[in-house]
Amino acid sequence: MKLKDVLRQYDEQSLYFYARDLGIQAAKEIAIEELYEKMVEIILSNQHIENRLSILDDETYRVFMQVLSDEEIREEDNLHLERLLDYDLIAFEGDELFVVEEVKEIFSRCEKDLSFQQQRLQKVWLLQCQQVLTHYWGECSIEQFKKLLLLKDCFVEDADIQTLLQQLPVGEVQITIKENQVYWRSLPNSTMLKEYRESQKRFDYYLPTVEEIKMLFEYDYDIQQEGIQRLKTILELTDLKEEEVDKLLHEIWNDLSYGLDYEGIYARCLENTGLSSTELPIILFENIDQNCRKFIYRGHSYLETIN
Numbered sequence: 039m040k041l042k043d044v045l046r047q048y049d050e051q052s053l054y055f056y057a058r059d060l061g062i063q064a065a066k067e068i069a070i071e072e073l074y075e076k077m078v079e080i081i082l083s084n085q086h087i088e089n090r091l092s093i094l095d096d097e098t099y100r101v102f103m104q105v106l107s108d109e110e111i112r113e114e115d116n117l118h119l120e121r122l123l124d125y126d127l128i129a130f131e132g133d134e135l136f137v138v139e140e141v142k143e144i145f146s147r148c149e150k151d152l153s154f155q156q157q158r159l160q161k162v163w164l165l166q167c168q169q170v171l172t173h174y175w176g177e178c179s180i181e182q183f184k185k186l187l188l189l190k191d192c193f194v195e196d197a198d199i200q201t202l203l204q205q206l207p208v209g210e211v212q213i214t215i216k217e218n219q220v221y222w223r224s225l226p227n228s229t230m231l232k233e234y235r236e237s238q239k240r241f242d243y244y245l246p247t248v249e250e251i252k253m254l255f256e257y258d259y260d261i262q263q264e265g266i267q268r269l270k271t272i273l274e275l276t277d278l279k280e281e282e283v284d285k286l287l288h289e290i291w292n293d294l295s296y297g298l299d300y301e302g303i304y305a306r307c308l309e310n311t312g313l314s315s316t317e318l319p320i321i322l323f324e325n326i327d328q329n330c331r332k333f334i335y336r337g338h339s340y341l342e343t344i345n
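Start counting the sequence shown at 39; every next residue gets the next number (the numbering used here).
(1) Quick one: Cα of residue 160 to Cα of residue 99, how far?
(2) Does DSSP classify residue 193 as helix, strand or coil?
(3) Can you tell me which of 122, 207 and 269 puts its alpha carbon nearest to the alpha carbon of residue 85?
(4) For residue 93, which of helix, strand or coil comes out of DSSP?
(5) Please state whether the Cβ-Cβ distance between residue 175 and residue 241 is less than 8 Å.
(6) How is residue 215 classed by DSSP in three states: helix, strand or coil?
(7) Please give me, in chain order, every unbroken run of the alpha helix (DSSP H) with length at least 4 that falls completely inside the stretch 106-151.
(8) From residue 336 to residue 123, what does the alpha carbon distance come to, in whole angstroms?
(9) DSSP three-state call for residue 177: helix, strand or coil?
(10) Around the Cβ of residue 168, are there at least 16 other Cβ atoms within 10 angstroms (buried) or fewer (exposed)?
(11) So does the stretch 171-187 actually touch the stretch 117-137, counting three or more Cβ pairs closer than 8 Å?
(12) Which of helix, strand or coil does DSSP assign to residue 74?
(13) Less than 8 Å separating the beta-carbons of residue 224 and residue 212?
(14) Please check the pair residue 126 and residue 138, which I expect to be a contact at CB under 8 Å, by giving their CB distance rounded to whole angstroms.
(15) Counting only the same chain and skipping the five closest in sequence on each side, list residues whose C-beta sits under 6 Å from that of residue 273.
(16) Using the C-alpha atoms, what's the distance from residue 322 back to residue 291?
(17) Should residue 243 be labelled buried (16 or more other beta-carbon atoms within 10 Å of its own) or exposed?
(18) By alpha-carbon positions, which one of 60, 252 and 68 ends up nearest to residue 78?
(19) Please classify residue 243: does DSSP put it in a helix, a strand, or coil?
(20) Does DSSP classify residue 325 as helix, strand or coil?
(21) Can you have a look at residue 172 and say buried or exposed, based on whether 16 or more other CB atoms are within 10 angstroms of its CB?
(22) Quick one: what's got a C-beta closer than 8 Å to residue 170's C-beta in the same chain, skipping five residues either side?
(23) Less than 8 Å between the CB atoms is what I'm expecting for residue 286 and residue 266, so what's the real figure, rounded?
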């Protein structure tokens with residue numbers, strides 16, 4: 039399975055969006071095979087594969103190595119598998135999973151580079167620390183953000199955060215630096231930021247543990263979204279454990295973000311929780327669907343749209 043074969047699996051709209059964000063003009067006017075070749079050329083020459091490999095957290099990296107070694111993947115690793123599929127690092131051929139051929143070649147080179155693992159650990163930890171801003175703080179000083187980064191020894195005091203952010207796939211970057219402050223980039227103006235800070239003041243720059251930060255990253259969903267808050271309240275009244283609720287909310291948010299049918303997601307949720315349609319009304323899922331961020335195509339390292 040080559041990268042060109044992976045692109046063939048994209049639907050037409052997704053393929054053209056992807057081509058546009060790779061900088062290809064008038065993609066619809068290009069013969070389809072030529073378009074695939076041009077896209078592959080840009081993906082490889084701009085080191086998009088290297089960038090995606092360099093942001094795999096330890097668990098996703100482990101699952102990648104299992105696919106590479108043709109080992110059986112456990113059901114509980116589906117979230118990590120999904121991430122690898124999103125990045126087009128692996129692909130299905132029939133019912134079989136394979137690492138994409140070009141990815142194999144690039145990974146074999148990266149693996150021999152002594153700095154690769156160190157850079158991967160730094161970038162992953164930076165991605166994970168972003169979640170503290172999006173879930174707790176909203177904004178903070180660079181000095182405060184560095185306190186987070188230095189909780190793990192993969193970071194050093196003089197690490198250049200701005201440079202590292204520029205090396206991340208743009209769709210993964212949730213923070214921005216302006217002057218001496220770090221902001222959650224989804225809060226575009228001071229009024230929204232002030233409101234968010236007010237709603238989150240109970241945290242008051244609370245410094246989470248390393249494990250808590252990892253969990254925020256693993257089960258990332260928009261906790262401020264009203265529909266999600268209502269759904270979480272309902273699920274917490276069931277027999278589900280707290281980590282099971284978080285995992286289910288993440289799966290629902292993720293599936294809706296990728297444009298899957300909310301009615302099907304709702305039906306699975308009823309089945310998994312044992313709740314009735316009265317206890318868990320479908321209108322709640324419709325509300326979440328209308329308000330969640332949407333990734334227009336798989337390989338979302340490039341493009342996000344906000345409803």
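Note that the Cβ used here is the ideal one computed from N, Cα and C, for glycine as well.
The structure says:
(1) Indexing the sequence shown from 1 puts residue 160 at position 122. Indexing the sequence shown from 1 puts residue 99 at position 61. Each residue's Cα considered, the two are about 14 Å apart.
(2) Within the sequence shown, the letter at position 155 stands for residue 193. Three-state DSSP puts residue 193 in coil, outside helix and strand.
(3) For the purposes of this step, residue 85 is taken as the residue at position 47 of the sequence shown. Per the Cα distances, 207.
(4) Residue mapping note: residue 93 aligns to position 55 of the sequence shown, counting from 1. Reduced to three states, the DSSP call for residue 93 is coil.
(5) Locating residue 175 in the sequence shown gives position 137, counting from the first residue. Locating residue 241 in the sequence shown gives position 203, counting from the first residue. Closer than 8 Å, so yes.
(6) For the purposes of this step, residue 215 is taken as residue 177 along the sequence shown, with counting starting at 1. Residue 215 falls in the strand class under three-state DSSP.
(7) 116-124 and 139-150
(8) The residue you call residue 336 lines up with position 298 of the sequence shown. The residue you call residue 123 lines up with position 85 of the sequence shown. Because the pLDDT of residue 336 is 47, which lies under 50, any placement of that residue in the model is unreliable, and the number read from its coordinates should be weighed accordingly. Answer to the nearest angstrom: the Cα atoms are 8 Å apart.
(9) On the sequence shown, position 139 is the one that residue 177 refers to. Here residue 177 sits in strand by DSSP.
(10) The count along the sequence shown starts at 1 and reaches residue 168 at position 130. Residue 168 comes out buried.
(11) no
(12) Counting from 1 along the sequence shown, the entry for residue 74 is found at position 36. Helix, per DSSP.
(13) The residue given as residue 224 occupies position 186 in the sequence shown. The residue given as residue 212 occupies position 174 in the sequence shown. Going by C-beta atoms, residue 224 is nearer than 8 Å to residue 212.
(14) Numbered from 1 along the sequence shown, position 88 holds the residue referred to as residue 126. Numbered from 1 along the sequence shown, position 100 holds the residue referred to as residue 138. Between residue 138 and residue 126 the Cβ distance is about 7 Å, and since that is below 8 Å, they are a contact.
(15) If you number the sequence shown from 1, residue 273 lands on position 235. Only 283 meet the Cβ criterion.
(16) Indexing the sequence shown from 1 puts residue 291 at position 253. Indexing the sequence shown from 1 puts residue 322 at position 284. Distance between the alpha carbons of residue 291 and residue 322 is about 12 Å.
(17) By one-based count along the sequence shown, residue 243 stands at place 205. Counting Cβ neighbours within 10 Å, residue 243 comes out exposed, since fewer than 16 surround it.
(18) To locate residue 78, count along the sequence shown from 1; it is residue 40. Closest by alpha carbon: 60.
(19) The residue labelled residue 243 in the question sits at position 205 within the sequence shown. If DSSP states are grouped into helix, strand and coil, residue 243 belongs with coil.
(20) Mapped onto the sequence shown, residue 325 falls at position 287. Three-state result, residue 325: helix.
(21) For this step, residue 172 is matched to residue 134 along the sequence shown. With 16 or more other Cβ atoms within 10 Å, it is buried.
(22) Counted from its first residue, the sequence shown places residue 170 at position 132. Cβ neighbours of residue 170 beyond the five flanking positions: 186, 246, 251 and 254.
(23) As a first step, residue 286 is located in the sequence shown; it is residue number 248 there, counting from the start. As a first step, residue 266 is located in the sequence shown; it is residue number 228 there, counting from the start. Wrong, their Cβ atoms sit about 11 Å apart, outside the cutoff.
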